[in-house]
Amino acid sequence: MGGTLVLVGFMGAGKSSALPGVLDTDALLERELGTSIAEFFAQHGESEFRRREEEVVLRALAGGGDVVALGGGSVTSVRVREALAEHTVAWLDVGADEAWRRVQTGMAEEAFAPRPLATDRGAFDARHAERQPLYESVADAFLPEGDPGLVARALPALRALPAGCKLVWARSAGGEYPVFVGRGAPDWSPSGRAFVVTDEHVARLHPRESDPHPPHVLAAGEEHKTLGAAEALWRAMAQAGLARDDHVVAVGGGVVGDLAGFCAATYQRGIAIVQVPTTVVAQVDSAYGGKTGVDLPEAKNYVGAYHQPAAVLADVATLDTLPREERAAGYAEVVKTALIAGGSLWERVAGGAAVDERIVLDCARTKLAIVAADERDGGARQLLNLGHTVGHAIETATAYRRYRHGEAVGLGLLAALRLSGANDLRAQVAGLLRSAGLPTVLEGADPAAVTAATGRDKKRRGGAVAFVLAAAPGDVRFGQPVGDDDLLAVVEELTAR
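When you line the sequence shown up against our numbering, it's residues 1 to 497, in that order.
Structure representation (C-alpha cells):
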C-alpha cells in the first residue's frame with residue numbers, strides 16, 4: 001500500500017467512524033472555519049465551501065497521516081483527485097437509498113450534524129449519481145456498504161495491496177473475502193499450510209510452491225473434470241495430511257478452480273480455498289461466487305457445492321501466456337457480462353476494447369454485486385447463466401471435447417439472443433465473436449442432441465427450460481420459459497451456414 005489510506009464515499013458511507021483514529025477532514029474544516037459546515041454553507045454558499053475544503057484536504061493528504069476520511073464532495077476537486085494518486089484510496093460504496101436512510105436517521109437522532117445537501121431527496125439522488133464515477137475513478141479498493149466493522153476486517157488486505165493492483169471486497173451470504181485484480185497480485189493466503197492444485201499446462205508456466213507436498217497436477221481439459229479426478233485429489237489431500245486449518249490453492253482456469261473448489265468444499269466437510277485464476281474465463285467469471293463442481297456424462301456441473309473462496313488473486317499478467325485460442329475463448333464470458341451490465345462496460349466491449357485490467361475488474365465487480373444479492377441462484381444470479389443453457393448443452397452433446405467452454409458459451413449467446421428476438425443485437429454480438437476468432441456456426445453436434453441435453457439443465461422447470469434472455473444491453477431477464485420446438489429451431493439455425 002502506498003502513502004496514506006484515504007477513505008472516500010458519499011455522505012452516510014461511514015467514513016469518519018470506519019476505524020479508530022481516522023483523521024476526518026470535515027472535522028478539520030469545521031475547526032478552521034470556526035463554525036459548522038451547515039452554517040458556513042448558509043452564509044457563504046457551496047462554491048466558497050468547496051474552495052476552503054480543497055485547501056484543508058490537500059494539507060491533510062500532504063501531512064502523512066495513517067488514515068484520512070474525506071468529505072463526500074471532496075472528489076469534485078480536480079486537484080484533490082490528482083493528489084489522491086499518491087495514496088491508497090478505498091471507496092466505501094453506499095447506495096442512494098441506504099445513504100439517505102442513514103443520514104436522515106443520524107440527523108433525527110442528532111448523531112450527525114445537519115447536512116445542508118440532505119434536505120431534498122431528488123437533489124440528493126442526483127448528487128449521488130453524479131459523484132459515483134468520480135469515486136470510481138480514484139478508487140484502488142472497492143468496499144460495499146456494510147456493517148461498521150467492514151473496513152477494519154478489510155484492513156490487512158488494504159495494507160497488502162501493491163501498486164497497480166485493485167481490491168474488491170466480495171460479500172455474500174456464504175462469507176466475505178478479498179479479490180485482488182491487476183498485474184502482480186499479492187501472495188495473499190489464510191493461515192495454515194497451502195496445498196497447490198494446478199494442471200499440466202499451468203504447472204509449466206506458473207510454478208507455485210506447495211507446503212508440505214508437491215502440487216497436485218491435474219490433466220488439462222473439461223473432459224477431466226470428473227468424480228474420478230475428484231477422488232484422486234481427495235486422496236492426495238488426505239495423504240498430505242491436510243487439516244481443517246490448512247487450505248487449497250487452485251492455480252489455473254475454470255476446470256482447476258471448479259474441481260479444487262469442490263474438493264475443498266467437501267474434504268473434512270470444508271477447508272479454505274484460494275483461487276488463483278490464470279485464464280480469461282476464470283478471471284472474469286468462474287473464480288468468483290463460490291460455485292464448484294464436477295461434470296457427469298449426462299450433464300455439466302451436475303455434482304457440486306457452493307463454497308466461497310478465502311481470496312481470489314487475479315494477476316492479469318498471466319493472461320499474456322495464454323495461447324491465442326484460449327484467450328479468445330474467454331472473450332465470450334466478457335461479452336456475456338457486458339450484456340448483463342450494460343452501460344460503460346458494454347460500450348467498451350462493443351467498441352472492441354481489449355481484455356485488460358479494467359475489463360477484468362469491471363467483470364469481476366459486476367458478478368460480485370449480483371452474487372452479493374443472490375448467492376444460490378434463487379433470483380438475480382440466474383442472469384449470469386446468459387448463453388450457458390445452450391452452451392452447456394453443446395458441451396454435453398459433444399462430450400466436452402469439441403468446444404472450449406467459452407466457444408460453447410458464445411454459440412449459446414447467439415441462441416439466447418435469437419430467442420429474445422434481439423436480432424440486431426445478435427448480429428452485433430456475432431461480429432464481436434467473429435472478430436475474436438470464436439465460432440458463430442455450430443458444427444459437430446446434432447441439434448436434437450443439444451436440445452435434449454437442455455432437458456437436464458438445472459434451471460428446467462416443468463416442461464420448459466427457464467432461459468435468460470436479453471432485450472438489450474442491461475435489459476436481461478431470467479426465468480423465461482422456452483419450449484423444445486422453439487429451442488430446436490434456433491439450434492438448427494445455428495448449424496446453418
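Virtual Cβ for every residue (Gly too), placed ideally from N, Cα, C.
What you are looking at is a predicted structure, and each value in this text was computed from that prediction instead of being measured.
Point to revise | Three-way DSSP call (helix, strand, coil) for Q480 in this model | key: DSSP, read as helix, strand or coil, puts Q480 in strand.
Review point. What does P439 pair with, by DSSP beta-bridge criteria?
Key: P439 pairs with nothing; no bridge assigned.
**Study point:** Counted within 10 angstroms of its Cβ, other Cβ atoms place P144 as buried (16 or more) or exposed
**Key:** buried
Exercise for review: With a threshold of 16 other CB atoms inside 10 Å of the CB of D295, please say whether the residue is buried or exposed.
Suggested key: buried
Review point. Would the beta-carbon of L70 fall within 8 Å of that of L19?
Key: no
Review point. Can you tell which of G73, G72, R52, L84 has the C-alpha that lies nearest to the C-alpha of G64?
Key: L84
Point to revise | Counterpart residues of C165 in DSSP-defined beta bridges | key: G182
Review point. In this structure, does DSSP put G554 in helix, strand or coil?
Key: For residue 554 there is no data in the structure shown, the boundaries of the chain being 1 and 497.
Practice item. Work out the CA separation of V429 and L414 for me, nearest whole Å. Key: 7 Å
Point to revise | Proximity to L432 [Cα-Cα], best of R171, L339, A38 | key: L339
Point to revise | Beta-carbon gap between S183 and A314 smaller than 8 Å | key: Contrary to the premise, residue 183 reads as Arg rather than Ser in this sequence. Cβ atoms of R183 and A314: not closer than 8 Å.
Practice item. Return yes when the Cβ of S16 is within less than 8 Å of the Cβ of R50, no when it is not. Key: no
Practice item. Ignoring anything shorter than 4 residues or poking outside the stretch 317-391, list the alpha helix (DSSP H) runs there in chain order. Key: 324-341, 343-350, 357-373
Review point. CB D140 to CB K166, shorter than 8 Å?
Key: yes
**Study point:** Those runs of the beta strand (DSSP E) which lie wholly inside the stretch 108-145 and span at least 3 residues
**Key:** Counting only runs of 3 or more, we get 141-144.
Check your understanding: Relative to the alpha-carbon of G290, which residue among A311, E325, A96, Q43 has its alpha-carbon at the smallest distance?
Key -> A311
Practice item. Taking only the alpha-carbon atoms, compute the straight-line gap between E375 and W169 and give it to the nearest angstrom. Key: 15 Å
Review point. Just how far apart, CA to CA, sit S498 and N301?
Key: Since the first and last residues shown for the chain are 1 and 497, residue 498 lies out of range.
Check your understanding: Tell me which same chain residues have a C-beta within less than 7 Å of the C-beta of T440, skipping the five on either side of it?
Key -> L414, A430, L433, R434
Practice item. For V360, collect the residues of the same chain with a Cβ closer than 7 Å to its Cβ; drop the 5 residues on either side in sequence, then sort them by chain order. Key: V181, Q283, V284, A314, V316
Check your understanding: When you compare each of T278, R418, L58, L438 to V491 by their alpha carbons, which one comes out closest?
Key -> R418
Practice item. Assuming L218 and V179 form a contact by the criterion Cβ under 8 Å, report the distance between their Cβ atoms to the nearest whole angstrom. Key: Their Cβ separation, rounded to whole angstroms, is 24 Å, which puts L218 and V179 out of contact at 8 Å.
Practice item. Quick one: using the 10 Å Cβ neighbour count with 16 as the cut-off for buried, is T119 buried or exposed? Key: A residue is called buried when at least 16 other Cβ atoms come within 10 angstroms of its Cβ; T119 does not meet this threshold and is exposed.
Point to revise | Cβ-based burial, E53 [other Cβ within 10 Å; buried from 16] | key: buried
Review point. Where does G455 land, buried or exposed, given buried means 16+ other C-beta within 10 angstroms?
Key: exposed
Check your understanding: When burial is assigned at 16 or more other CB atoms within 10 Å of the CB, is R244 buried or exposed?
Key -> By the neighbour-count criterion, in which a residue is buried when 16 or more other Cβ atoms sit within 10 angstroms of its Cβ, R244 is exposed.
Practice item. Keeping to the same chain, check which residues put their C-beta closer than 8 Å to that of G9; ignore five residues upstream and five downstream. Key: Here the set comprises K15, G72, W91, L92, D93, V94, Y135.
Point to revise | Counted within 10 angstroms of its Cβ, other Cβ atoms place Q308 as buried (16 or more) or exposed | key: buried
Review point. Taking Cβ positions, are G444 and G412 nearer each other than 8 Å?
Key: no
Check your understanding: I think T11 touches A99, with their Cβ atoms under 8 Å apart; what is that distance to the nearest whole Å?
Key -> In the sequence on display, residue 11 carries Met and not Thr. Yes, they are in contact, since the Cβ atoms of M11 and A99 sit about 6 Å apart, within 8 Å.
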